[in-house]
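Report on the structure given below.
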Amino acid sequence: MTAAAPLVAVRDLVVRYGDRTVSAVPALDVRPGQCVAVVGESGSGKSTLLLAVLGLLNGSPARVSGSVVVGGTEMVGASERTARGVRGSAVALVLQSPQGSLNPTMRLGRLVRHALRRHGVRGAEAQRRVAAALEAVRLPADIVDRYPHEVSGGQAQRFAIATAVALGAPVIAADEPTSALDVTVQAEVMAVLDGLRREQGTAVLLVSHDLALVSTVADHVVVMQDGAVVDAGDVDHVLHRSTVPYTRALLDAVPRLGRTAPATTEEATGA
Amino acid sequence: MSIHPSPVTEAAPALPVPPASRVPGAGSLAARVGRLVGRDRLAAASAVVLVVIVLLAALAPWVAPFPGDGTTATHPADRLIAPGAAHWFGTDQVGRDVLSRVLYGARTSLGIAAAVLAISAVVGVTLGVVAGFAGGWLRDVIMRVTDVFLAFPALLLSLALAAILRPSVETTIIAIAATWWPWYARLSASVAQSVRTRPYVDAARCLGVHPAKIVLRHVLPNSLTPVLVQLSLDAGGVILTAASLSYLGLGATEPTSEWGLMVQSGQSLFTTHWWVSAFPGLAILVTAFCFNMLGEGLRDLLDPRAAGGRS
Amino acid sequence: MPDAPIIELAGADLAYGRRTVVHGLDLAVAEGASVALIGESGSGKSTAARAALGLLRPVGGEVRYRGTALDRLDAAGRRAYRAAVQPVFQDGPETLDPRQRVGSAVAEGLSLPRAERAAAVAGLLADVGLDPALAHRRPHELSGGQRQRVGIARALAAEPRLLVLDEPTSALDVTVQARVLDLLERLRAERGLAMLLITHNLAVVDRLCDDAVVLEAGRVVERGPARRVLEAPAHPYTARLRAAVPELGGPLPGTALARGA
Numbered sequence: 000m001t002a003a004a005p006l007v008a009v010r011d012l013v014v015r016y017g018d019r020t021v022s023a024v025p026a027l028d029v030r031p032g033q034c035v036a037v038v039g040e041s042g043s044g045k046s047t048l049l050l051a052v053l054g055l056l057n058g059s060p061a062r063v064s065g066s067v068v069v070g071g072t073e074m075v076g077a078s079e080r081t082a083r084g085v086r087g088s089a090v091a092l093v094l095q096s097p098q099g100s101l102n103p104t105m106r107l108g109r110l111v112r113h114a115l116r117r118h119g120v121r122g123a124e125a126q127r128r129v130a131a132a133l134e135a136v137r138l139p140a141d142i143v144d145r146y147p148h149e150v151s152g153g154q155a156q157r158f159a160i161a162t163a164v165a166l167g168a169p170v171i172a173a174d175e176p177t178s179a180l181d182v183t184v185q186a187e188v189m190a191v192l193d194g195l196r197r198e199q200g201t202a203v204l205l206v207s208h209d210l211a212l213v214s215t216v217a218d219h220v221v222v223m224q225d226g227a228v229v230d231a232g233d234v235d236h237v238l239h240r241s242t243v244p245y246t247r248a249l250l251d252a253v254p255r256l257g258r259t260a261p262a263t264t265e266e267a268t269g270a
Numbered sequence: 000m001s002i003h004p005s006p007v008t009e010a011a012p013a014l015p016v017p018p019a020s021r022v023p024g025a026g027s028l029a030a031r032v033g034r035l036v037g038r039d040r041l042a043a044a045s046a047v048v049l050v051v052i053v054l055l056a057a058l059a060p061w062v063a064p065f066p067g068d069g070t071t072a073t074h075p076a077d078r079l080i081a082p083g084a085a086h087w088f089g090t091d092q093v094g095r096d097v098l099s100r101v102l103y104g105a106r107t108s109l110g111i112a113a114a115v116l117a118i119s120a121v122v123g124v125t126l127g128v129v130a131g132f133a134g135g136w137l138r139d140v141i142m143r144v145t146d147v148f149l150a151f152p153a154l155l156l157s158l159a160l161a162a163i164l165r166p167s168v169e170t171t172i173i174a175i176a177a178t179w180w181p182w183y184a185r186l187s188a189s190v191a192q193s194v195r196t197r198p199y200v201d202a203a204r205c206l207g208v209h210p211a212k213i214v215l216r217h218v219l220p221n222s223l224t225p226v227l228v229q230l231s232l233d234a235g236g237v238i239l240t241a242a243s244l245s246y247l248g249l250g251a252t253e254p255t256s257e258w259g260l261m262v263q264s265g266q267s268l269f270t271t272h273w274w275v276s277a278f279p280g281l282a283i284l285v286t287a288f289c290f291n292m293l294g295e296g297l298r299d300l301l302d303p304r305a306a307g308g309r310s
Numbered sequence: 000m001p002d003a004p005i006i007e008l009a010g011a012d013l014a015y016g017r018r019t020v021v022h023g024l025d026l027a028v029a030e031g032a033s034v035a036l037i038g039e040s041g042s043g044k045s046t047a048a049r050a051a052l053g054l055l056r057p058v059g060g061e062v063r064y065r066g067t068a069l070d071r072l073d074a075a076g077r078r079a080y081r082a083a084v085q086p087v088f089q090d091g092p093e094t095l096d097p098r099q100r101v102g103s104a105v106a107e108g109l110s111l112p113r114a115e116r117a118a119a120v121a122g123l124l125a126d127v128g129l130d131p132a133l134a135h136r137r138p139h140e141l142s143g144g145q146r147q148r149v150g151i152a153r154a155l156a157a158e159p160r161l162l163v164l165d166e167p168t169s170a171l172d173v174t175v176q177a178r179v180l181d182l183l184e185r186l187r188a189e190r191g192l193a194m195l196l197i198t199h200n201l202a203v204v205d206r207l208c209d210d211a212v213v214l215e216a217g218r219v220v221e222r223g224p225a226r227r228v229l230e231a232p233a234h235p236y237t238a239r240l241r242a243a244v245p246e247l248g249g250p251l252p253g254t255a256l257a258r259g260a
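Residue numbers (numbering that gives the first Met the number 0), protein chains in the order written: chain U, 0 to 270; chain A, 0 to 310; chain H, 0 to 260.
This is the structure in C-alpha cells:
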C-alpha cells in the first residue's frame with residue numbers, strides 16, 4: 000500500500016430511502032494495488048455503497064448525500080452520461096450473476112469489443128487488449144466464439160473480469176462475485192483477482208458476506224451492519240484484534256472446519 | 000446447486016429497492032396499489048373510466064334519457080337529429096336517442112364479455128391446470144384438443160355457428176367462448192407446470208397430501224395471477240370481436256343495442272350523419288383501450304417480475 | 000424390516016429424460032445416523048435427494064424404505080414412508096407457498112381434527128424457536144432464518160425419522176446460519192432424528208454429520224467418517240474441494256490457477 004492518491008474516495012456518504020438510512024459510510028479509500036473488502040449481511044448497506052460508487056443510484060428513489068470520487072470524477076449527483084463514462088474506464092463492475100449481465104444473443108468476443116468501442120478502443124488495439132486480458136484471467140483464446148450460455152458460471156465470471164482488464168480499469172468493483180459459484184470455481188476466480196492485483200496493480204473493491212473468503216484476499220476490511228460502518232481496519236486488525244461485538248459475532252459465526260461447539264445458544268425468537 | 004435452482008441470495012440485491020418491497024409484490028395490497036397509481040397513471044385513469052362505464056351500464060335504465068330507445072321504442076318523427084341539447088349524441092335513422100342506445104349497448108357488450116370470459120376461464124383453467132399438473136398422456140391429449148380449437152379463427156367458427164343457429168347475443172357468446180377458452184388452457188397449463196416443480200409443492204407431496212388437494216390448495220391459487228391479467232387484457236378483445244360479429248350480422252340483431260350493430264347500421268349515413276356510427280365506435284375504442292391499459296397495470300401490480308422493463 | 004436403514008439407495012441410476020446424472024449410487028441412512036452427501040453443481044447430489052424423497056424414480060437400481068423398494072410398498076407402507084422421510088429445502092421465495100399463512104403451511108402435515116390443530120401448530124413453532132404468533136403471517140413477512148425454521152416445523156409435523164436437508168443454510172446470512180445449525184443439532188439430539196444432508200459446504204458437514212459421501216459427476220468418489228474424509232481425504236477430488244475452502248485468516252484457497260498451472 001503506497002501513499003498514492005486514492006482511485007476511489009468516499010466521504011460522508013449517506014443513502015436514504017424516505018427517512019430510512021440504508022447506507023452510511025464516513026470514509027473509504029481504495030488505492031492502487033489494494034484490495035478493500037466491505038463485509039456484511041443482508042440489509043447492511045454494502046451493495047448500496049457499491050451502487051453509489053458506480054453512480055447507479057442517480058435516478059432511483061434513493062437520496063444520496065456526501066462525496067464519492069472515482070478516478071477524479073464526483074459520482075454523487077453526476078449525470079448518467081458522466082457516470083457511464085466513468086464506468087468501464089475508471090472502475091469496472093463484476094456482478095454476482097455472471098450470465099445475468101451478459102447479452103445472451105451475442106458471442107462473448109462481440110460483447111467485449113462493444114464495451115471497448117464505447118470507450119474509444121477499436122480494431123487492432125482492441126484485439127491486442129482482449130488477447131492480453133484473456134491470458135491474464137487464464138481463459139482460452141477461443142472463448143470469444145462462445146455464447147454466454149455455453150460457458151460455465153466460473154468462466155463467465157472470469158470473462159467479466161477479463162472485460163474489466165481489457166478496458167484497463169484501475170479498479171474492479173465486485174459484488175458477491177463468487178457467491179453463486181462452486182467452491183473450487185470460487186477459488187479460481189479469487190486467484191485471478193488476486194493475480195491481477197499483484198501483477199498489474201489493479202485495485203479491487205470487494206463486497207461480500209463471506210468473511211472467510213474476504214480474509215484470504217483483502218488488505219483492508221470494512222464491516223457494515225444495518226446501514227452503518229461498525230468496524231474498519233487492515234485485515235489483521237479486524238480478524239484478530241477487533242473489539243467490536245458485531246465483528247466478533249461474525250467471526251464466531253463463520254462455520255469452520257474442525258470446530259464442533261455451537262456458536263450461540265440464543266434462539267428465543269428465532270432469526 | 001440444490002434440488003431447485005437457487006435464487007440470488009438476499010445478501011446482494013442487484014438494484015436498490017425500497018425496504019418495503021424487498022420481495023417482489025410484497026407490502027400490503029393498499030400500499031402496492033398506491034405505488035402503482037403513482038407510477039402508472041394511465042392504468043389508474045383507465046380503471047376509473049372503466050368503473051364509470053360499468054356504473055353507467057348497470058344504471059342505464061335510470062341514467063339514460065330515453066330508456067325505451069335502448070330497447071324497442073322507435074320515433075320516426077325524430078329521425079337523424081344532430082347532437083344537441085335534447086339529444087347529446089343525436090338520434091339514429093328511426094329516431095332513437097343514440098346516447099341511450101350507447102348506454103344500453105354497454106350493458107350488452109359488458110355482459111357478453113363477462114359471459115365469454117367466465118366460460119373461457121372456467122373451462123380453460125380447469126383443463127389447463129389438470130393438464131399442467133398431471134403431465135404425461137393426459138396433458139398431451141388436452142393440449143392437442145386445445146390446439147384443434149386454436150386453429151379456428153373466431154369469425155370462421157361464428158359463421159358456421161350462425162349458419163346452424165340463429166344470430167343472437169347467445170350465439171355470439173358461444174361462438175367467441177369456443178375460440179377463446181384454449182388460450183386460458185394453454186396459459187394455465189404452462190403456469191401449472193412451473194408451479195408443479197416448486198419446493199412447496201414437493202413438500203406437500205412428501206407430506207402425502209392428495210394430488211387433488213395439492214392442485215386446489217397450491218397450484219390453482221398460484222396459477223391465477225397470469226389468468227387474471229389475461230382476463231382484463233382480453234375483455235377489450237372480446238368486446239371488439241363481439242362488435243365485429245354484430246357488424247357482420249352474425250351476432251346481436253335489431254332492436255338490441257349493441258355497439259357493433261350500431262356502427263354497421265349507421266355506416267352508410269356516415270358522411271352526412273356521422274354521429275350514428277361515431278359514438279358507438281368511440282365507445283368500443285375507449286372501452287377496449289381502457290381494458291388493455293388496466294390489464295397491463297394489473298400485470299405490474301400482481302406480478303412485478305413479469306413487468307419486463309416497465310419498472 | 001427392523002434393522003434395515005430408513006432410506007437406502009442401492010445401485011441407483013438417476014436420470015432426467017435421457018440424461019443420466021447419477022450412476023450406480025449406493026447410499027444408506029440408518030436410524031439416528033447423519034450422512035452428508037457432498038458435491039458441487041452437476042454432481043447429482045440434489046437428484047439423489049429427490050430420489051430419496053420419492054420425487055424421482057430411479058431408472059436403474061432401487062430406492063428402499065426400511066428394506067422394501069418404494070414401488071413395492073403397499074398403501075400402509077407408503078403412508079409410513081411419507082411420514083418418516085421429510086424434506087427441508089434451501090431458503091428461497093418458493094420454499095413456502097407465498098399465498099399460505101405460516102400456520103397453515105405447518106399444519107399441512109398434521110392429521111388432527113381442526114380443534115386440536117392450532118395448539119399443535121403453536122407447539123411446533125415453539126419447538127423450532129419461533130413465536131407461535133407468527134402462525135398468522137405470510138412467508139414474505141418473515142426473515143430468511145424464520146422461513147427456514149418454518150420449513151423445519153412443517154417437516155416435523157409429520158413426525159419423521161429422517162430429514163433430507165438440501166442446502167438448508169446456504170442462502171442464509173452467516174449469523175443466522177449458525178443459529179439454524181444449532182437448532183438442527185438440538186433436534187437431532189432430542190428426537191434421535193436421522194439426517195441426509197446435501198451440501199457443498201464442508202464446514203456444515205463437519206458440524207452436523209458422522210459420515211460423508213462425496214459425489215463427482217454422478218459417481219461416488221469417496222466415503223467414510225466425515226471427520227476422516229475432511230481431514231485426510233483419500234481421493235484427489237475431495238482433496239481439491241477441501242483445499243478450495245477459504246479459511247479465516249488463511250492463505251488464498253489453493254487452486255491450479257493460483258499455482259500458475
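A virtual CB, placed ideally from N, CA and C, is assigned to each residue, including glycine. Keep in mind the model is a prediction, meaning the values are calculated, not measured.
Could you give the C-beta distance for residue i and residue j, rounded to a whole number, given that I count them as a contact under 8 Å?
{"i": "S88 (chain U)", "j": "L166 (chain U)", "result": "6 Å"}
{"i": "A188 (chain A)", "j": "M142 (chain A)", "result": "7 Å"}
{"i": "W274 (chain A)", "j": "V97 (chain A)", "result": "6 Å"}
{"i": "S276 (chain A)", "j": "G265 (chain A)", "result": "4 Å"}
{"i": "M74 (chain U)", "j": "V52 (chain U)", "result": "7 Å"}
{"i": "D165 (chain H)", "j": "Q85 (chain H)", "result": "In fact, because the Cβ distance is near 12 Å, the residues do not count as touching under 8 Å."}
{"i": "R204 (chain A)", "j": "F132 (chain A)", "result": "Not a contact, Cβ separation roughly 11 Å."}
{"i": "A211 (chain U)", "j": "L247 (chain H)", "result": "5 Å"}
{"i": "L12 (chain U)", "j": "V67 (chain U)", "result": "6 Å"}
Would you mind reading off the limits of the alpha helix (DSSP H) that contains residue i?
{"i": "P181 (chain A)", "result": "V168 to R195"}
{"i": "T246 (chain U)", "result": "P244 to A252"}
{"i": "H113 (chain U)", "result": "L107 to R117"}
{"i": "L300 (chain A)", "result": "W274 to L301"}
For residue i, return the contacting residues in chain A, with the cut-off set at a CB-CB distance below 9 Å.
{"i": "L12 (chain H)", "result": "The amino acid occupying residue 12 (chain H) in the given sequence is Asp; Leu does not appear at that position. Those within 9 Å of D12 (chain H) in chain A number zero; the least Cβ separation is about 18 Å."}
By the DSSP assignment, the beta strand (DSSP E) with residue i in it spans what residues?
{"i": "E7 (chain H)", "result": "I6 to Y15"}
{"i": "A211 (chain H)", "result": "D210 to E215"}
{"i": "Q199 (chain U)", "result": "Per DSSP, Q199 (chain U) belongs to no beta strand (DSSP E); it is in the alpha helix (DSSP H), V182 to Q199."}
{"i": "G60 (chain H)", "result": "G59 to Y64"}
{"i": "Y246 (chain A)", "result": "Where Y246 (chain A) is concerned, there is no enclosing beta strand (DSSP E), although the alpha helix (DSSP H) it sits in stretches over L219 to Y246."}
{"i": "T19 (chain H)", "result": "R18 to V28"}
What does DSSP give as the partner residues of residue i in its beta bridges?
{"i": "P194 (chain H)", "result": "This sequence places Met at residue 194 (chain H); Pro is not what is there. Per DSSP, H:S33 and H:L162."}
{"i": "A172 (chain U)", "result": "U:L92 and U:L204"}
{"i": "Q85 (chain H)", "result": "H:L162"}
{"i": "S272 (chain U)", "result": "Because chain U spans 0 through 270 in this model, residue 272 (chain U) falls outside it and cannot be assessed."}
Under 7 Å between beta-carbons, which chain U residues line up against residue i? List them in chain order, please.
{"i": "L201 (chain H)", "result": "L256"}
{"i": "S103 (chain H)", "result": "Per Cβ cutoff of 7 Å: no residues; S103 (chain H) is ~19 Å from chain U at best."}
Quick one: which chain H residues come within Cβ less than 9 Å of residue i?
{"i": "D201 (chain A)", "result": "R49, L52, L54, P86 and F88"}
{"i": "P220 (chain A)", "result": "D96, R98 and Q99"}
{"i": "T215 (chain U)", "result": "P245, E246, L247, G248, G249, P250, L251 and P252"}
Starting from the beta carbon of residue i, find every residue of chain H whose beta carbon is closer than 7 Å, and list them in chain order.
{"i": "V208 (chain A)", "result": "E107"}
{"i": "H351 (chain A)", "result": "Nothing can be reported for residue 351 (chain A), as the shown portion of chain A is limited to 0 through 310."}
Which residues in chain U sit within 8 Å of residue i, going by Cβ to Cβ distance?
{"i": "S45 (chain H)", "result": "Near S45 (chain H) there are no residues of chain U at all, since even the closest Cβ is about 13 Å away, more than 8 Å."}
Check the Cβ of residue i against every Cβ in chain H and list those closer than 8 Å, keeping chain order.
{"i": "R210 (chain U)", "result": "In the sequence as displayed, the identity of residue 210 (chain U) is Leu instead of Arg. Simply V173 and L247."}
{"i": "L204 (chain U)", "result": "By Cβ distance, chain H contributes nothing, its closest Cβ being about 18 Å from L204 (chain U), past 8 Å."}
Quick one: which chain A residues come within Cβ less than 7 Å of residue i?
{"i": "A157 (chain H)", "result": "L206"}
Determine the chain A residues that contact residue i at a beta-carbon separation under 8 Å, and present them in chain order.
{"i": "R153 (chain H)", "result": "A202 and L206"}
{"i": "R18 (chain H)", "result": "Chain A residues near R18 (chain H): none, gap ~16 Å exceeds 8 Å."}
**Report entry** the segment 49-69 of chain U contacting the segment 229-248 of chain U, beta-carbon criterion three pairs below 8 Å
**Finding:** Output reads no: the segment 229-248 of chain U does not touch the segment 49-69 of chain U.
Requested in this report: Check whether the segment 174-192 of chain U touches the segment 154-162 of chain U, counting contact only when three or more Cβ pairs, one atom from each stretch, lie closer than 8 Å.
Outcome: yes
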